[in-house]
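Take 664 as the starting number for the sequence shown in this note's numbering and just add one per residue. Built from N, CA and C at the ideal position, the CB exists for glycine as well.
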Amino acid sequence: MTDPSSGQPRRDLADQFQDRMQAFGREAQASGERLGREAQAAGERWARDPELVAAGTWLTRLIGLAVIAVGLWLFAVVSLGLDLPALDWALVWPALLIVLGGLVIVSAILRRR
Numbered sequence: 664m665t666d667p668s669s670g671q672p673r674r675d676l677a678d679q680f681q682d683r684m685q686a687f688g689r690e691a692q693a694s695g696e697r698l699g700r701e702a703q704a705a706g707e708r709w710a711r712d713p714e715l716v717a718a719g720t721w722l723t724r725l726i727g728l729a730v731i732a733v734g735l736w737l738f739a740v741v742s743l744g745l746d747l748p749a750l751d752w753a754l755v756w757p758a759l760l761i762v763l764g765g766l767v768i769v770s771a772i773l774r775r776r
């Protein structure tokens, strides 16, 4: 097919789409590389902050203990057949979020002192 105004072959829509997708891919790659460099620089800055490292270590331990507690609970109920009280998870997870938020606020207050 030719373009009636110029007499040259008209580009197929698939070719146009492919060109646009290649341009999008190049832009996405450049943005991703830039974001990666910024994230690496931020991580290096944060790694030098001893208070942040200590908070991260403390939070990691807390999350680890929570996972162990849930695992032990499920092990006791499922594998050992113990009759532990059932937890209503619809009530538990909001309470956990409240406790976690409180811990974040307390740690921020203690960090400012």
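Item, Value
"Whole-Å CB distance - L747 paired with A739, under 8 Å assumed", "6 Å"
"Collapsed DSSP secondary structure at P748 in the structure displayed", "coil"
"Euclidean distance between Cα positions of T720 and G764", "17 Å"
"Assigned secondary structure, D678 (DSSP; H/G/I helix, E/B strand, else coil)", "helix"
"For A732, the first and last residue of its enclosing alpha helix (DSSP H)", "713 to 737"
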